[in-house]
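A.B. asks:
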Amino acid sequence: MNCRYRYVFPDGSARVGEKTGTPSLIEAAGYLAGAIGVTVVVLA
Numbered sequence: 000m001n002c003r004y005r006y007v008f009p010d011g012s013a014r015v016g017e018k019t020g021t022p023s024l025i026e027a028a029g030y031l032a033g034a035i036g037v038t039v040v041v042l043a
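Residues in the sequence shown are numbered from 0 upward in steps of one, following numbering that gives the first Met the number 0.
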């Protein structure tokens, strides 16, 4: 699946991009990278 993600980190910075993969794995990757907020949207 093509997904758009947004990771928000404790210092207020954010990382935004698109990845191909399972939404739950993209979400987990954000939290493993230290994000405190993760949004993943599946693109049609």
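Note that the Cβ used here is the ideal one computed from N, Cα and C, for glycine as well.
Look at residue 29 and residue 37 and say whether their C-beta atoms are less than 7 angstroms apart.
C.D. replies: For residue 29 and residue 37, yes; Cβs fall inside 7 angstroms.
A.B. asks: Just to confirm before moving on: does the CB-CB distance between residue 35 and residue 4 stay below 7 angstroms?
C.D. replies: No, Cβ-Cβ distance for residue 35 and residue 4 is not below 7 angstroms.
A.B. asks: Three-state secondary structure (DSSP) at residue 13?
C.D. replies: Three-state DSSP puts residue 13 in a strand.
A.B. asks: Rounded to whole angstroms, what is the Cα-Cα separation between residue 12 and residue 20?
C.D. replies: So the alpha carbons of these two residues sit roughly 23 angstroms apart.
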